[in-house]
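These notes concern the structure reproduced below.
Protein chains: 2
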Amino acid sequence: MAVNFPSIDPAQLHPVAGVALGYAEANIRKPNRKDVLVISLDEGATVAGVFTSNRFCAAPVTVCREHLAKVREGGKGIRALVVNTGNANAGTGESGLAHARETCTELARLAGIAPEQVLPFSTGVILEPLPIDRLKAGLPAALECRAAAHWFEAAQAIMTTDTLPKAASRQVTIDGHTVTLTGISKGAGMIKPNMATMLGFLAFDAAVAQDVLDALVKDVADRSFNCITIDGDTSTNDSFMLIATGKSSLPAVTSTNTPAYAALREAVVALAQTLAQLIVRDGEGATKFMTVQVEGGANEGECRQIAYAIGHSPLVKTAFYASDPNLGRILAAIGYAGIADLDVAKIELYLGDVHVATKGGRHPAYREEDGQRVMKESEITIRVQLGRGSAQATIWTCDLSHDYVSINADYRS
Amino acid sequence: MAVNFPSIDPAQLHPVAGVALGYAEANIRKPNRKDVLVISLDEGATVAGVFTSNRFCAAPVTVCREHLAKVREGGKGIRALVVNTGNANAGTGESGLAHARETCTELARLAGIAPEQVLPFSTGVILEPLPIDRLKAGLPAALECRAAAHWFEAAQAIMTTDTLPKAASRQVTIDGHTVTLTGISKGAGMIKPNMATMLGFLAFDAAVAQDVLDALVKDVADRSFNCITIDGDTSTNDSFMLIATGKSSLPAVTSTNTPAYAALREAVVALAQTLAQLIVRDGEGATKFMTVQVEGGANEGECRQIAYAIGHSPLVKTAFYASDPNLGRILAAIGYAGIADLDVAKIELYLGDVHVATKGGRHPAYREEDGQRVMKESEITIRVQLGRGSAQATIWTCDLSHDYVSINADYRS
């Protein structure tokens, strides 16, 4: 079902110096699948992350925030990340928090580091207790098989109901130095209804100061993972992590105001966008990949608001599934997006290269067969011009198909 | 498909003195169906309305607002409402406005009243020109067949893709005087994908001052039509009108601060809630009727915000379709509803009589079979306690089924 999902050659995923990845089959929810991942980092790596805005954030998210705060207060650096699938450890109260901490303590014990040098991640069913004993029992095997070349296996190990593992890699030259970047992501291909988490891990070998990396991860998330939507349901566990190992010969990036930072940012944004788009391409029941581009706004916020109103509308999404150019639905979504002083008489709407609406009404030259031609494609761009300013925003989404309902209405057992 | 939709006996719909209803088959979009309705009012009636918040509001909504404003500035009272189905006259620019005005002018000419005494309404496809000549040609027949007893036929005449006509009626005694209330509504049963409008018309024979009726219509809408959601798509044409004919022997209600107002308000709210709930019961593909009740909020706004987050979540709605007690999805929706300082450790969640979550985590006594027992019912109450205050809000919604996708993905032709 995935939409134009590129084939990923494991050999094209460059190892990132200073990162080793190991996995295990720990039987967290189902047997015979990789469900635990350990990412270990050489000393000296810098780590930054952004996490779900859901108030019901999962226990591991709380622990990640605590441990990253300790680093910023001068504590020891992060040395390991541990991910389990099959259980989100969310909606689990105090015992859930205790389990997340116990995971860190056990991995720290096995690896000879401190518990606060470990970041835990979980994805899977909400509201069920984490099977902590099985998770702990899986850690030695995951540590044992660690290797720098295991990025593809790592992508497999964080899959829940994704239909395909998601990974991407690139090398760039900055100031004459080679920088290698590789990342993995998961989510949104929720064959089972209960696994909604988005996770992204992106490592590179440049050295980046903590405060610069903190700024970079927010900036990158806003241009990649925060620009995708399948169904508008924000998970309790969403996490996106940047890891800077510092092994490249490129001098450390200590300011956001340098050409090296700009080049690095460009490379990280591009890779993160690829990883985010892979999630949409493997979206539940997706048959179309849609880019929603809103231009001419007074600010980026209102452009995003309108783009998301379009991207979340079940009526818009089902129309695209059916290749039905019922494009008034897009205008309706623009109208209810919540921009109180929007002047609809200035709205221009394009579908691919077809000019559908002008000055808020149907374009005189628009013909429904032209709209339908574009809608039958598997990659579609919806472009809206607001005529209010120069800000713009882009999001990526997919259509709403019968398979979305089937996937999410399947009983979990 | 409709969920526990009551059978409506046309003989039980009381005529409201001062109101006559006529209809026609005007071939607006399809032949052989009632698609034009005229509601004519005796002199002395008071009319108030609330309209869509969609910035892409339809041309007739703009004209309604203008004509109601003229009444408030001391102009002549409203004497007729005219509704067409099959075309929304939205996204139609200047010519759409001209068509809406032309409709009023023609009806006024035929009825011997002024154009500004007519309120126009349209529902149907967005972004297509209104077939104004066919609409005008249908008006004489609609005027000709006007009768006080035509409420059921009126409910049929405003259907687009509703599977059932929606009407309700009641009589109450206020201060010893009988007051008769009858209303009709349409919407959300969108067999065809392009007709998303909610319309509601409710008439009663009490006399109510214009400013009191203006306050009443907002209040009532907030407790009825503004508490329902099928898919979160706010139409361009939504309108809810209250008509007070003043024919009852009850002395005129000129203040919101009287026992008579309170009694009238109670009756109008109850009838409007019935009309609104009929829309949900006939919701596209609906198999379950869900009441979402959020209590213990700091204010009503945040309770509504959380109720809507639950009611709009595709993951929640598909789980209810499947009777799958995957109730972590409800917690996740509460968490992303946008209440920044929500303390999830205070959240209590009930499904019917089953206590699912306490202090933000799974209730120790909760068993999945209990959750599933409730979810298999066709009428389900989700109750959330926030533990932040004493405000509360209730909304009504339905599940998301395969039929929703089929209905909305069907090509229009």
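Residue numbers (full-length UniProt numbering), protein chains in the order written: chain A, 1 to 413; chain B, 1 to 413. Think of the CB as a built atom: it goes at the ideal place given N, C-alpha and C, for glycine as much as any other residue.
When the Cα atoms are used, A298(B) and T103(B) turn out to be separated by approximately 47 Å. For I382(B), the nearest beta carbon of chain A is not closer than 8 Å to its own beta carbon. Scanning its chain for C-beta atoms nearer than 7 Å, with the 5 sequence neighbours on each side dropped, one finds around T229(A) the residues Y308, G311, H312, I395, T397, in chain order. Pairing V253(B) with I382(B) gives a Cβ-Cβ distance that is not under 8 Å. I28(A) is not a Cβ neighbour of L81(A), given a cutoff of 8 Å.
Under DSSP, M375(B) shares a beta bridge with no residue. Here the alpha carbon of L37(B) sits roughly 23 Å from the alpha carbon of Q273(B).
Residue environment analysis places Q156(A) among the buried positions, since at least 16 neighbouring C-beta atoms fall within 10 angstroms of its C-beta. When DSSP states are grouped into helix, strand and coil, G18(A) belongs to the coil group.
Relative to T245(B), the option among G18(B), Q12(B), G183(B) whose CA is nearest is G18(B). At least 8 Å separates the beta-carbon of T123(A) from that of H14(A). Chain order gives no chain A residues near T394(B), where near means a beta carbon separation below 8 Å; the closest approach is about 22 Å. Residues of the stretch 123 to 143 of chain A that bring their beta carbon within less than 9 Å of a beta carbon in chain B comprise V125, I126, L127, E128, P129, in sequence order. For the set R65(B), H67(B), S185(B), the Cα lying nearest the Cα of L275(B) is the one of S185(B). Using a 10 angstroms sphere on the CB of P60(A), the tally of other CB atoms reaches 16 or more, which defines it as buried.
R79(A) has its alpha-carbon roughly 8 Å from the corresponding atom of A45(A). Under the Cβ criterion of 8 Å, I228(B) is not counted among the residues facing chain A.
Excluding five sequence positions before and after P325(A), the CB atoms of its chain that fall closer than 7 Å to its own CB belong to E368, G371, Q372, M375, given in chain order. Taking a C-beta distance under 8 Å as the contact criterion, R304(B) and V316(B) do not qualify as a contact pair. Boundaries of the beta strand (DSSP E) harbouring F289(A): 289 to 297, taken from the DSSP string. A Cβ-Cβ separation of about 3 Å places G285(A) in contact with D403(A) under the 8 Å criterion. L202(A) is positioned such that its CB atom lies closer than 8 Å to that of L271(A). Residues of chain A whose Cβ lies closer than 7 Å to the Cβ of K288(B) do not exist; the shortest such Cβ separation is about 12 Å. Here DSSP, grouped into helix, strand and coil, assigns K34(A) to coil. Close partners of G387(A) in chain B (Cβ separation under 7 Å) are lacking, with about 13 Å as the shortest Cβ gap. Listed along chain B, the residues sitting closer than 8 Å to N54(A) by beta-carbon distance are A332, G335, Y336.
Judged by beta-carbon spacing, I380(B) lies within the 8 Å limit of K288(B), meaning their Cβ atoms are closer than that value. For the C-beta of K359(A), the chain B residues within less than 8 Å are, from N- to C-terminus, G93.
Non-local C-beta neighbours of V294(A) in its own chain, meaning closer than 6 Å and more than five positions away in sequence, comprise C303, I306, A307, V384, A393, ordered along the chain. Under a criterion of Cβ atoms nearer than 9 Å, no residue of chain A is adjacent to G296(B); the nearest Cβ is some 15 Å distant.
The residue from T92(B), T62(B), A48(B) with its alpha-carbon nearest to that of R72(B) is A48(B). For N54(A), the number of other beta carbons within 10 angstroms of its own is at least 16, and it is reported as buried.
In terms of beta-carbon proximity, N408(A) lines the interface with chain B, with at least one pair separated by less than 8 Å. With respect to the 8 Å criterion, N87(A) and L21(A) are not classified as neighbours on the basis of their beta carbons. For C104(B), there is no enclosing beta strand (DSSP E); the residue is part of the alpha helix (DSSP H) that begins and ends at 93 to 111. Annotation for P140(B): the continuous alpha helix (DSSP H) segment containing it runs 132 to 144.
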